[in-house]
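For reference, the structure discussed in these notes is given below.
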Amino acid sequence: MDALDVARWQFGVTTVYHFLFVPLTIGLSVLVAVLQTMWHRTGNERYLKLTKFYGKLFLINFAMGVVTGIVQEFQFGMNWSDYSRFVGDIFGAPLAIEALVAFFLESTFIGLWIFGWDRLPKRLHLAAIWAAAIGTNLSAYFILAANSFMQNPVGFRINPDSGRAELTDFVAVLTNKVALVTFPHTLAGSFLVAGSLVVTVGLWHMMRNRDSADTGAYRFATRFGSWVVLISSALVVLTGDIQGKIMTEVQPMKMAAAEGLYTTESPASFSVLTVGSLDGSRELFAVKIPYLLSFLGTGDPHGTVQGINDLQAQYASQYGPGTYAPIIPVTYWSFRFMIGFGLAAAAIALLVLFSQRKGRTPTSRWLLRAGLVMPVLPLLANSFGWIFTEMGRQPWIVFGEMLTRDGVSRSVSLTEVLTSFTAFTLIYATLAVIEFKLLVRYARAGVPDLTPEPDDDTDDAERPLAFAY
Amino acid sequence: MELTTVWFLLVAVLFTGYFILEGFDFGVGMLLPVLGRDDRQRRVLINTIGPVWDGNEVWLITAGGAMFAAFPEWYATLFSGFYLPLLLILLALIARGVAFEYRHKRTEASWKRRWDLAIFWGSAVPAVLWGVAFANIFRGVPLDADHEYVGGLLDLLHPYALLGGLTTLGLFLTHGAVFLALKTTGDIRGRAGALAVKLGAGTAVAAVAFLGWSLTIRASAAAVVLAAGAALALLGGLAAARVRREGWAFTGTAVAIALTVATLFAALFPNVMPSTGDPAGTLTATNAASTPYTLKIMTWVAVVFTPIVLAYQGWTYWVFRRRIGVQNIPQH
Chain A
24 MDALDVARWQ FGVTTVYHFL FVPLTIGLSV LVAVLQTMWH RTGNERYLKL
74 TKFYGKLFLI NFAMGVVTGI VQEFQFGMNW SDYSRFVGDI FGAPLAIEAL
124 VAFFLESTFI GLWIFGWDRL PKRLHLAAIW AAAIGTNLSA YFILAANSFM
174 QNPVGFRINP DSGRAELTDF VAVLTNKVAL VTFPHTLAGS FLVAGSLVVT
224 VGLWHMMRNR DSADTGAYRF ATRFGSWVVL ISSALVVLTG DIQGKIMTEV
274 QPMKMAAAEG LYTTESPASF SVLTVGSLDG SRELFAVKIP YLLSFLGTGD
324 PHGTVQGIND LQAQYASQYG PGTYAPIIPV TYWSFRFMIG FGLAAAAIAL
374 LVLFSQRKGR TPTSRWLLRA GLVMPVLPLL ANSFGWIFTE MGRQPWIVFG
424 EMLTRDGVSR SVSLTEVLTS FTAFTLIYAT LAVIEFKLLV RYARAGVPDL
474 TPEPDDDTDD AERPLAFAY
Chain B
3 MELTTVWFLL VAVLFTGYFI LEGFDFGVGM LLPVLGRDDR QRRVLINTIG
53 PVWDGNEVWL ITAGGAMFAA FPEWYATLFS GFYLPLLLIL LALIARGVAF
103 EYRHKRTEAS WKRRWDLAIF WGSAVPAVLW GVAFANIFRG VPLDADHEYV
153 GGLLDLLHPY ALLGGLTTLG LFLTHGAVFL ALKTTGDIRG RAGALAVKLG
203 AGTAVAAVAF LGWSLTIRAS AAAVVLAAGA ALALLGGLAA ARVRREGWAF
253 TGTAVAIALT VATLFAALFP NVMPSTGDPA GTLTATNAAS TPYTLKIMTW
303 VAVVFTPIVL AYQGWTYWVF RRRIGVQNIP QH
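Each protein sequence line maps, in turn, to chains A and B.
Following the working numbering, the numbering of the first sequence begins with 24 at its first residue and continues without gaps.
Following the working numbering, the numbering of the second sequence begins with 3 at its first residue and continues without gaps.
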């Protein structure tokens, strides 16, 4: 074990952890804004109750996304300083723009929304949650554009004197085709998580308490969330399909690694199950669907999909001796888990909708159990998706331009990085337990009773705040 | 003006904004156990910054991002070189940010007490370490010809750096006390104002010593004027606090923080991180900078969006301009 390994583990752990909270922030901010808009439009208090209820769950989650996000920005410089020196001219810009354009919007307006219930006119208060939601979703674009440069570097040249990457076309970086398709894919994946949480909580309350005054609100939330899950899962599949084709083109090794495809095939078959040798260097046993991989990768059932061994030989002659394949079992299984967990959530959403057809109230215990695990499924799908796309890029930190091992900070010792990895893991684990317990506690509590408007004869300076920490 | 100079100024402005805004957040956090005698009073203190602390912290994220985009070498050397202090700052900011949001989520005294500790330490640790970090940037650290930091943790903890830490600690405490006097009513207001004067007197001694010492390390005519201005602003702020002119007192401490940061940046220019090791390792606004093309794009982005951000963030302060007191704290 050396400092490089620990730095990679730390980046992996902190990033996957960060992205447990981000999808909910992205998706739920919009869903809460939609609910508040419905209240605004219809005046129906059911929507106000749901806005406040899901808004609380949103905020418990939001805080975690914010604080774990700062670590991400600092970590490039702290642990990957040679990477930062190499790509700073290109990679820093989207990060700075993300902060200036998106994070200020998000954080300022979320504060206005939380504390502004009695301070702002209704319309402006509604605008605040939309501004925060837009900021959140916008931030995803800039960080994904930065990440897409690592997958498919565009709009740059290597300065022959300094050996550094220099920006030549910023528009090309922002319109990187990998970014353009990864953005909707990530957003759809996030709405899958948010919709699932809305379903879970709504279903649990609806099935536990059939005749309360709020059952109608929960019934609405369950259906609303289910439709969000179904629509976003369709979008995930659609964008994922385009991503597969782009990946076959710009990162053929990643596609081959996703499939455990060792030799170039045309037509190539899709692997349902491949068992490889333990070091992942060759295939022992496989069940395959003919033509499907060619079709997924190229759009043509007879198209050629390059295999790992052929690509390895090609890269070795292009970049010099070395291993240019990722760890095949990791990419192969993370790719399948991503798809499987995502589809499982969609299947549950379909069951939930079916169980409510023609105004029925579901009674199946199994449905309730399935509903309770539902948000975990797309969260896992998101995590495995990121593990797949980042591990599938290895051994590169910037595909074709810089190896991961060359990007690590030279001045940071093994002791230092072990210290930080331990500290982050401990504080993150502790906070995960606290956050989860709080979410469950507030989810159980259900929609709030609406407090009546304060008397007008109370002096403003004496009146309690509508919300206070 | 060269674009590298523009970005040197912008990074300075972003850190100045960060220290003024998060400075009083840190101060409020550290004064929580001092001025908040019971849970209701502590909630008053926290709620003075409740709607704004998150937006204030984005100044740091933007400063870091701007440094990365405009001076990647500076960003890389600083963040990898100051690894452990920055780790501590990150851990503090994590604990503190979550604490604001979670503290009121349960009513048990033990729950609140733990989050109060997180807020206190999460404010105190960065308040000291930012001063230590900036003193080290200013004095210079051992770098090799590749701009890599070659010192250890102990090389960052020398008397000058510790005095820097003491200065930011004092400035943020005083600034926080003045802010609380400005934003609260009743008993807390009076106690915060009285405390600000006491804290400020000690801070003035530390700040004058630190600025004086700094000017012996490197100086320019502008830096001397700025340092004198910082001292005057602090004393003026304290005088205003004494006579309960809270708005002026806050202006005074804010200007004092701004001019202290400005002094350091003014004397540092054109260096951004001097090397005390290999002289070839010294980073300047030129050799640490991105290409002119990147700087040009970033300049346009900054020119368009900075005024918008300032406008809506300023508006937030206007929306929440009202003073609060214990009578405004709801039961839940």
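Heads up, the beta-carbon is just placed ideally off N, CA and C, and yes, glycines get one too.
Same chain only: Cβ atoms within 6 Å of B:A147, ignoring 5 sequence neighbours per side: To locate residue 147 of chain B, count along the second sequence from 1; it is residue 145. Annotation for B:A147: D280, A282 and G283 place their beta carbon closer than 6 Å to its own, counting only its chain and skipping 5 residues before and after.
- prompt: Who are the neighbours of B:H106 on chain A, taking C-beta pairs under 8 Å?
  reply: Numbered from its first residue, the second sequence carries residue 106 of chain B at position 104. At a C-beta separation below 8 Å, B:H106 has these neighbours in chain A: A491 and Y492.
message: Please confirm whether A:L47 has its beta-carbon closer than 8 Å to some beta-carbon of chain B.
response: What you label residue 47 of chain A is simply residue 24 of the first sequence in a count that begins at 1. With 8 Å as the cut-off, A:L47 does not count as an interface residue toward chain B.
message: Taking 8 Å as the cut-off, does the region 215 to 227 of chain A touch the region 240 to 250 of chain A (at least 3 CB pairs, one atom from each stretch)?
response: With a cut-off of 8 Å, the region 215 to 227 of chain A and the region 240 to 250 of chain A count as touching, because enough Cβ pairs lie within range.
- prompt: Would you report the Cα separation of A:S436 and B:T278, rounded to the nearest angstrom?
  reply: Residue 436 of chain A sits at position 413 when you count from the first residue of the first sequence. Residue 278 of chain B sits at position 276 when you count from the first residue of the second sequence. A:S436 and B:T278 have their C-alpha atoms roughly 21 Å apart.
- request: With a cut-off of 8 Å on the beta carbons, I'd call B:F26 and B:G178 a contact; round off their distance for me.
  value: Counted from its first residue, the second sequence places residue 26 of chain B at position 24. Counted from its first residue, the second sequence places residue 178 of chain B at position 176. For B:F26 against B:G178, the beta-carbon gap comes to about 5 Å, under 8 Å, which counts as contact.
query: Do A:I93 and B:I63 come within 8 Å of each other at the CB atom, strictly closer than that value?
result: Reading the second sequence from its first residue, position 61 is the one you call residue 63 of chain B. Reading the first sequence from its first residue, position 70 is the one you call residue 93 of chain A. The Cβ-Cβ distance between B:I63 and A:I93 falls below 8 Å.
- request: List in chain order: all unbroken alpha helix (DSSP H) runs of 4+ residues lying wholly within the region 216 to 285 of chain B.
  value: Taken in chain order, the whole alpha helix (DSSP H) runs of length 4 or more contained in the region 216 to 285 of chain B are 223 to 244 and 248 to 270.
query: Roughly how far, in whole angstroms, is the beta-carbon of A:M118 from the beta-carbon of A:A169, given that I think they are within contact range, below 8 Å?
result: Translated into positions along the first sequence, residue 118 of chain A becomes position 95. Translated into positions along the first sequence, residue 169 of chain A becomes position 146. In the sequence under discussion, the amino acid at residue 118 of chain A is Leu, which differs from the Met named in the question. Between A:L118 and A:A169, the beta carbon gap of about 6 Å places them in contact (Cβ cut-off 8 Å).
message: Would A:I137 pass as an interface residue toward chain B - the criterion being a Cβ-Cβ separation below 8 Å?
response: As a working mapping, residue 137 of chain A is identified with position 114 in the first sequence. Output row for A:I137: interface = yes.
- prompt: So what does B:L145 bridge to, in DSSP terms?
  reply: Position 143 of the second sequence holds residue 145 of chain B. DSSP lists B:Y151 as the bridge partner or partners of B:L145.
- request: Determine, using beta-carbon pairs with one atom in the region 460 to 477 of chain A and one in the region 42 to 56 of chain A, whether at least three such pairs fall under 8 Å.
  value: No, the region 460 to 477 of chain A is not in contact with the region 42 to 56 of chain A.
Unbroken beta strand (DSSP E) run spanning A:L296, endpoints: Here residue 296 of chain A corresponds to residue number 273 of the first sequence, with the count starting at 1. Taken as a continuous stretch (DSSP letters only), the beta strand (DSSP E) holding A:L296 covers F293 to G299.
query: Which partner residues of A:Y167 appear in the DSSP bridge assignment?
result: As a position in the first sequence, residue 167 of chain A is number 144, starting the count at 1. The sequence shown places Leu at residue 167 of chain A, rather than the Tyr named in the question. Looking at the DSSP assignment, A:L167 forms no beta bridge with any residue, so it has no partner.
task: Starting from the C-beta of A:L71, find all residues in its chain whose C-beta is less than 6 Å away, skip the five residues before and the five after it, and write them out in chain order.
output: As a first step, residue 71 of chain A is located in the first sequence; it is residue number 48 there, counting from the start. Within the same chain, and ignoring the five residues on either side of A:L71 in sequence, the residues whose Cβ sits closer than 6 Å to its Cβ are W62.
task: Following the continuous beta strand (DSSP E) through B:H24, name the residue where it begins and the one where it ends.
output: Translated into positions along the second sequence, residue 24 of chain B becomes position 22. As written in the sequence, residue 24 of chain B is Glu, which differs from the His given in the question. Element bounds for B:E24: not the beta strand (DSSP E) but the alpha helix (DSSP H), L5 to L37.
query: Is A:F42 near A:W409, with beta carbons less than 8 Å apart?
result: In the first sequence, residue 42 of chain A corresponds to position 19, counting from 1. In the first sequence, residue 409 of chain A corresponds to position 386, counting from 1. In contact: A:F42 and A:W409 (Cβ atoms closer than 8 Å).
query: Should A:W389 go down as buried or exposed, given a rule of 16 or more other Cβ atoms within 10 Å for buried?
result: The residue you call residue 389 of chain A lines up with position 366 of the first sequence. With a threshold of 16 other beta carbon atoms within 10 Å, A:W389 falls short and is exposed.
message: Measuring only the C-alpha atoms, how far is B:S292 from A:I420?
response: Numbered from 1 along the second sequence, position 290 holds the residue referred to as residue 292 of chain B. Numbered from 1 along the first sequence, position 397 holds the residue referred to as residue 420 of chain A. Those two C-alpha atoms are separated by around 20 Å.
field: Segment contact flag, the region 183 to 200 of chain B with the region 140 to 157 of chain B, C-beta cutoff 8 Å, min 3 pairs
entry: As far as the Cβ criterion goes, the region 183 to 200 of chain B does not touch the region 140 to 157 of chain B, which means the pair count is below three.
message: Using a 10 Å radius around the Cβ and a threshold of 16 neighbouring Cβ atoms, would you call A:T271 buried or exposed?
response: Within the first sequence, numbered from 1, the residue matching residue 271 of chain A stands at position 248. With a 10 Å radius around the Cβ and a threshold of 16 neighbouring Cβ atoms, A:T271 comes out buried.
task: With a threshold of 16 other CB atoms inside 10 Å of the CB of B:A256, please say whether the residue is buried or exposed.
output: Translated into the one-based positions of the second sequence, residue 256 of chain B becomes position 254. Sixteen is the threshold: when 16 or more other Cβ atoms of the shown chains lie within 10 Å of the Cβ of B:A256, as they do, the residue is buried.
- prompt: For B:E75, does the count of other Cβ atoms within 10 angstroms reach 16, so buried, or fall short, so exposed?
  reply: Residue mapping note: residue 75 of chain B aligns to position 73 of the second sequence, counting from 1. For B:E75, the number of other beta carbons within 10 angstroms of its own is at least 16, and it is reported as buried.
- prompt: B:E59 and B:E103 look like a contact to me (Cβ under 8 Å); what is the Cβ gap, rounded to whole Å?
  reply: Position 57 of the second sequence, counted from the start, is the residue given in the question as residue 59 of chain B. Position 101 of the second sequence, counted from the start, is the residue given in the question as residue 103 of chain B. With a Cβ gap of about 13 Å, B:E59 and B:E103 do not count as contacting.
query: Can you tell me whether DSSP reads A:F7 as helix, strand or coil?
result: In the structure as shown, chain A starts at 24 and stops at 492, and residue 7 of chain A therefore has no counterpart that could be examined.
- request: Throw me the rounded Cβ distance for the A:L488 and B:N330 pair, which I believe falls under 8 Å.
  value: Stepping through the first sequence from its first residue, residue 488 of chain A is reached at position 465. Stepping through the second sequence from its first residue, residue 330 of chain B is reached at position 328. A:L488 to B:N330, Cβ: 5 Å. Contact.
message: Beta-carbon within less than 7 Å of B:R98's beta-carbon, same chain only, minus the 5 sequence neighbours each way: which residues are those?
response: Counting from one through the second sequence, the residue named residue 98 of chain B turns up at place 96. Within the same chain, B:R98 has close Cβ partners G31, A120, I121, G124 and S125.
- prompt: Which whole-angstrom value is the C-beta distance of A:F422 and A:Q274, which I expect to be below 8 Å?
  reply: Within the first sequence, residue 422 of chain A is the residue found at index 399, counting from 1. Within the first sequence, residue 274 of chain A is the residue found at index 251, counting from 1. Confirmed, about 6 Å.
task: For A:L296, collect the residues of the same chain with a Cβ closer than 6 Å to its Cβ; drop the 5 residues on either side in sequence, then sort them by chain order.
output: Counted from its first residue, the first sequence places residue 296 of chain A at position 273. Non-local beta-carbon contacts of A:L296 in its own chain, meaning distances under 6 Å to residues more than five positions away in sequence, involve V310 in chain order.
Rounded distance between the beta-carbons of B:V8 and B:T296, thought under 8 Å: Position 294 of the second sequence, counted from the first residue, corresponds to residue 296 of chain B. Position 6 of the second sequence, counted from the first residue, corresponds to residue 8 of chain B. With a Cβ gap of about 13 Å, B:T296 and B:V8 do not count as contacting.
task: Report the residues of the region 440 to 455 of chain A with a CB closer than 9 Å to any CB of chain B, ordered along the chain.
output: Along the region 440 to 455 of chain A, going in chain order, the ones with a CB nearer than 9 Å to a CB of chain B are V440, T442, S443, A446, F447, I450, Y451 and L454.
query: By DSSP, does A:W389 sit in helix, in strand, or in coil?
result: Looking up residue 389 of chain A in the first sequence gives position 366. Helix at A:W389.
message: Strictly by DSSP, which residues pair up with A:L190?
response: Residue mapping note: residue 190 of chain A aligns to position 167 of the first sequence, counting from 1. Beta-bridge pairing links A:L190 to A:F179.
task: Classify A:M397 as helix, strand or coil using the three-state DSSP reduction.
output: One-based indexing of the first sequence puts residue 397 of chain A at position 374. A:M397: coil per DSSP, three-state reduction.
- request: Give the single residue among B:T170, B:L12 and B:S82 whose Cα lies nearest to the Cα of B:G2.
  value: Outside the shown range of chain B, which is 3 to 334, sits residue 2 of chain B, and nothing can be said about it.
- prompt: Are the Cβ atoms of B:A221 and B:L12 separated by less than 8 Å?
  reply: As a position in the second sequence, residue 221 of chain B is number 219, starting the count at 1. As a position in the second sequence, residue 12 of chain B is number 10, starting the count at 1. For the 8 Å CB-CB criterion, B:A221 and B:L12 do not form a contact.
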